[in-house]
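Engineer: Just so we're aligned: the sequence shown equals residues -12 to 144 in the numbering used here.
Just so you know, even glycine gets a beta-carbon here, dropped at the ideal spot from N, CA and C.
Please read these numbers as outputs of a predicted model, since none were measured by experiment.
One structure, as structure tokens, below. Some questions next.
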Amino acid sequence: MAPMTDIRPARFPEDLDAVVRIFREYVASPTVSLDFQDFETEFAALPGKYAAPEGCVLLAWKDGQPVGCAALRQVDAQTGEMKRVYVRPTVRSENLGRRLVEGILDAARHAGYTRICLDVLPEFQAAQRLYENLGFVDAEPVSFNPVPGTRYLGLDL
């Protein structure tokens, strides 16, 4: 039987190295450059915009290693933005993407948000299907993304 994968909120500073490591995998995963997001500044400030109670970082752990992540940040008092959703390719068949996204939706409700938004690159078709299956619909952008074909999605909570 395969070991269970545990999903839990990241603890800072204890989990800082794990968060940076899995965020770096996220940054390297698309075929387009995400340099416009200024990751090094974000990494240096963690938890930064993802700090509780308005935000959070969830980590998925397997065999003591981070294998997935998702984050939440505040846009305004009613709206959160889901960021950094990533699952290592070796564990993508384990439903971790859905579990991480559902965890962020729960965190957003707990933070008092009535709406959550995100952007998703065109190459991430499986992620787009997951979001649609969870009820996300096309929405106005809440953050900048210059990649052609990026979809902006939102969900009323």
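1. Using a Cβ-Cβ cutoff of less than 8 Å, which residues in the same chain neighbour residue 8 once the five nearest sequence positions on both sides are dropped?
2. Confirm the yes/no value for this check: CB of residue 99, any heavy atom of the ligand COA, distance under 6 Å.
3. Out of 97, 111, 125, which one is the CA nearest neighbour of residue 43?
4. Check whether the Cβ atoms of residue 79 and residue 56 sit closer than 7 Å, and answer yes or no.
5. Taking all protein chains shown into account, decide if residue -12 is buried (16 or more other Cβ within 10 angstroms of its Cβ) or exposed.
6. Within its chain, find whatever has a CB closer than 7 Å to the CB of residue 13; leave out the 5 residues flanking it on each side and keep chain order.
7. As an exercise, report each continuous alpha helix (DSSP H) stretch of at least 4 residues that is fully enclosed by the segment -8 to 55, in chain order.
8. Where does residue 65 fall in DSSP's three states?
9. Which residues in the same chain as residue 48 place their Cβ atom closer than 6 Å to its Cβ, once the five residues preceding and following it in sequence are excluded?
10. For residue 118, name the three-state secondary structure that DSSP assigns.
Structural biologist: Quick look at the numbers:
1. 53
2. What this structure holds is no ligand at all, so the ligand COA is not there to describe.
3. 97
4. no
5. Residue placement at residue -12 cannot be trusted, given a pLDDT of 46 that sits under 50; what the coordinates show is reported in the next sentence. Classification for residue -12: exposed.
6. 56, 71, 73
7. 3 to 15, 26 to 32
8. coil
9. -7
10. helix
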